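Written out below as structure tokens is the structure these notes cover.
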Amino acid sequence: MNNQIFSIAYFSKSSIKGSINDVAREIESILTLARSNNKEQGITGALLYSGGYFSQVIEGPMDAVEDLFETIQNDPRHTDVSVLHFNPIPNRSFSDWSMALAGIEDTLFASIDAILKSPDELESEQAGTALINVLYDLVKRHEGQV
Amino acid sequence: MGLIEMEMVDSLTGLLNRIATLSEIDELLIEEGSEPVTLVLLDIGRFRKVNDSVGIQIGDRIIRIVSKRIKNAAPEAHVLGRTSGDNFALAFKGLSQDQLDDITDKLLDFIKRPIAVGGNVIIVSLAIGIATSQPADGKDAASLFHAADIALHHAQRNKLEVTHFEPHMLELAQAAHSLENDLRVSLATHTPELHQAINNEQFSIHYQPIISSSNYAIAGFEALIRWNHPQRGWVSPGQFIPIAEEIGVIDMLGTWVMRKACKDIMQWHGPQLAEDFFISVNVSAKQFKKPALLADTINNALEESRLAPHRLHLEMTETSTFNEIPEKFFAVKETGCKLSLDDFGTGYSSLTYLHSLPFDSVKLDKSFISDLYVRDEARWSLSEKMIRAIFSLSSAIGLELIVEGIETQPQLHFLHKLGCNPMYQGYLFSRPIPTDQIPDFLSTPLHLGDLHEQPNIQHCLL
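From first to last, the protein sequence lines are chains A and B. The letter at position 63 of the first sequence is residue 63 when you use UniProt numbering, and the numbering goes up by one with no holes. The letter at position 83 of the second sequence is residue 83 when you use UniProt numbering, and the numbering goes up by one with no holes.
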């Protein structure tokens with residue numbers, strides 16, 4: 001059996017209309033639903049909204065990650081999805097969170113912007129790792145505040 | 001699942017199968033009310049390739065995922081079916097143009113999103129053909145399907161994502177179909193002894209001289225295949241080469257041209273021929289995909305004709321697949337022939353090819369030269385700069401340059417003034433010449449025009 005843990009990292013453009021508060025409400029409802037489903041499926045990860053873009057990392061068994069990713073792909077609340085990496089990983093980065101919120105920000109983080117703009121310069125794989133690190137730092141900070 | 005249901009349903013996706021799709025559309029068409037029915041046919045691009053690279057099992061999962069995405073993107077479809085391996089059909093009743101545009105936008109958006117499957121990330125491409133039933137149309141699903149299918153093929157052929165059926169596409173499709181049939185028939189009848197049969201009949205080679213600018217000797221010839229069809233007359237290679245590639249006879253034709261060209265050139269003598277003048281043969285990207293076969297063909301043609309390998313040049317047009325196959329170029333290069341990059345400056349034109357692949361020469365695309373003919377000073381000046389840059393680039397990295405499409409004295413004069421020594425090809429020197437007229441051509445002096453005359457370039461801009 002393949003017990004390996006996979007991780008997928010992607011960016012997408014938000015299609016949620018309204019103020020940052022409307023966006024925040026929508027994301028809270030996404031997360032509430034996600035967290036209860038994810039636990040059963042062995043999924044962990046983190047989600048960031050900044051400056052109109054979603055960045056998300058999903059970790060778990062391959063089939064579970066693929067199923068969840070497909071559900072997310074069918075969601076009309078975002079578009080222009082680009083996958084940075086999809087690979088087996090030795091350890092989960094977000095083992096404590098079934099889906100951590102890394103932040104909901106009106107403006108695009110400079111670090112995210114850099115990754116977003118340089119898929120050619122940064123190899124996609126590197127960009128994926130960079131995204132995981134950025135989300136990890138943000139989650140630490142964000143959850144620390146709570 | 002009952003027996004009747006089994007006959008109606010595609011077992012992989014749970015959607016309607018082809019027969020059930022057509023009969024449901026027939027029902028829609030005969031329903032009360034005169035609302036038109038719109039049929040959207042959707043084809044996953046290059047799906048066979050996807051299947052080859054990830055395996056049939058994952059291929060099947062992709063089809064299932066795509067079918068769910070279609071359902072999700074267009075829940076308002078009255079009929080949704082899988083009509084063949086990678087083909088889906090959706091039928092709608094009474095759609096406005098805006099609604100239809102929304103639906104196709106959503107289909108394109110959702111289906112083209114990345115698919116994570118079996119540890120891979122796959123992005124599929126798709127083409128959509130649309131036909132709407134008109135009150136005047138014969139109201140049956142089969143003819144509506146046929147129209148949408150023609151629109152789909154039109155989209156694929158023209159690399160478009162969405163195409164609505166228009167009556168002229170029917171004529172185009174019929175013309176392409178009948179041309180393809182003619183080519184199939186012509187080639188099928190010739191298959192046993194293709195090289196001899198073609199020679200005497202419909203296929204022939206015309207040769208266009210390539211002139212050395214340093215001494216105006218004939219440096220070589222480009223071999224150009226011609227097809228004189230008994231009913232159609234001359235068919236342009238631009239029309240039949242893509243079909244020959246598609247139906248898999250390009251290797252046969254390419255082999256025949258190469259063997260004949262190598263033999264022909266050995267027969268030619270004349271004072272204006274440069275020593276070691278070469279023959280340049282076009283090779284399609286399809287032929288290049290099988291480098292071992294191509295190398296065999298080259299070696300056989302060289303051996304048979306006793307032509308020195310360096311006198312055979314292969315011309316190929318850049319394609320997007322160049323970067324996938326660098327080792328193939330080297331395999332062919334081992335035969336000793338020379339490689340020439342055709343139509344340089346259009347298409348992909350990656351500068352990487354010039355130094356990473358073993359080319360000996362480049363042929364500047366005709367369009368640069370034809371811009372030297374237009375009455376637009378800005379375009380003239382831009383073309384001039386581009387040509388200068390390509391001249392210095394090619395000489396800096398040691399590539400010979402061949403300038404094609406020279407038709408007028410001012411063009412030649414301009415090139416002459418640039419002060420490098422490319423090779424020239426074009427109607428100003430000679431049209432492509434039928435094989436049997438070559439001896440005559442070689443026995444008369446070449447018409448070079450008067451280079452010492454200084455044409456007023458501004459004059460031809462007026």
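Just so you know, even glycine gets a beta-carbon here, dropped at the ideal spot from N, CA and C. These numbers come from a predicted model, not from an experiment.
- Looking at the backbone, the Cα of D365(B) and that of R25(A) are separated by about 58 Å.
- Taken in chain order, the whole beta strand (DSSP E) runs of length 3 or more contained in the region 110-191 of chain B are 115-117, 120-122, 126-132, 162-164.
- Chain order gives no chain A residues near A74(B), where near means a beta carbon separation below 7 Å; the closest approach is about 12 Å.
- Using a Cβ-Cβ cut-off of 9 Å, V121(B) counts as an interface residue toward chain A, since at least one Cβ of chain A sits closer than that to its own.
- Between V37(B) and L15(B), the alpha-carbon positions lie close to 20 Å from each other.
- Counting along the chain, no beta strand (DSSP E) covers F109(A), and no H or E run does either.
- Cβ-Cβ separation between D343(B) and K328(B): approximately 19 Å, too far for a contact (criterion under 8 Å).
- The beta carbons of I265(B) and L307(B) sit closer together than 9 Å.
- Nearest to G45(B) by C-alpha distance, out of M169(B), V66(B), L351(B), is V66(B).
- DSSP places E400(B) in the uninterrupted beta strand (DSSP E) bounded by 400-403.
- Residue-level contact by beta carbon holds for E66(A) and chain B, with a gap shorter than 9 Å.
- Linking I241(B) to D436(B) through their CA atoms gives a straight-line distance of about 23 Å.
- The beta-carbon distance between S98(A) and T44(A), rounded to whole angstroms, is 6 Å. This is short enough to meet the 8 Å contact definition.
- Taking CB atoms only, Q73(A) has a neighbour in chain B less than 9 Å away.
- The alpha-carbon of N299(B) is positioned some 6 Å away from that of T335(B).
- In summary, the residues of the region 55-69 of chain B whose CB is separated from some CB of chain A by less than 8 Å are I65, K68, R69, in the order they occur in the chain.
- Using a Cβ distance threshold of 9 Å, L428(B) and T408(B) count as a contacting pair.
- Segment contact: the region 56-68 of chain A against the region 33-47 of chain A, three or more CB-CB distances shorter than 8 Å; contact assigned.
- Under the 8 Å Cβ criterion, the region 207-221 of chain B counts as touching the region 263-282 of chain B, having at least three qualifying pairs.
- A straight-line Cα-Cα distance of about 13 Å links I72(A) and N37(A).
- Within the same chain, Cβ atoms closer than 7 Å to the Cβ of D251(B) are found at Q287, L293, the five residues on either side in sequence being excluded.
- Judged by DSSP in its simplified three-state form, G254(B) adopts helix.
- Apart from the 5 residues on each side of it in sequence, D440(B) has no Cβ closer than 7 Å to any other Cβ in its chain.
- Straight through space, the alpha carbons of I20(A) and I30(A) are spaced by roughly 15 Å.
- Under the 8 Å Cβ criterion, the region 416-426 of chain B counts as touching the region 391-408 of chain B, having at least three qualifying pairs.
- For H269(B), the secondary structure class from DSSP, reduced to helix, strand or coil, is coil.
- For F88(B), the enclosing beta strand (DSSP E) has its first and last residue at 87-93.
- A Cβ-Cβ distance of about 27 Å is found for the pair T297(B) and T346(B), leaving them out of contact under the 8 Å criterion.
- Comparing alpha carbon positions, the residue from D106(A), P88(A), K140(A) closest to I16(A) is D106(A).
- For D109(B), the nearest CB of chain A lies under 9 Å from its own CB, placing it at the interface with that chain.
- Of all alpha-carbon atoms in R311(B), E24(B), E76(B), A141(B), the one lying nearest the alpha-carbon of A261(B) is that of R311(B).
- The CB of V117(B) comes closer than 7 Å to the CB of E66 in chain A, given here in chain order.
- For a cut-off of 8 Å, the C-beta gap from S55(A) to F11(A) is around 5 Å, short enough to register as a contact.
- With a contact defined as Cβ atoms closer than 8 Å, V65(A) and F6(A) qualify at about 5 Å.
- Inclusion of T13(B) and R113(B) in the CB contact set at 9 Å is not warranted, their separation being larger than that value.
- Those residues of the region 80-91 of chain A placed with their C-beta closer than 9 Å to a C-beta in chain B are D80, V81, S82, V83, H85, F86, N87, P88, ordered along the chain.
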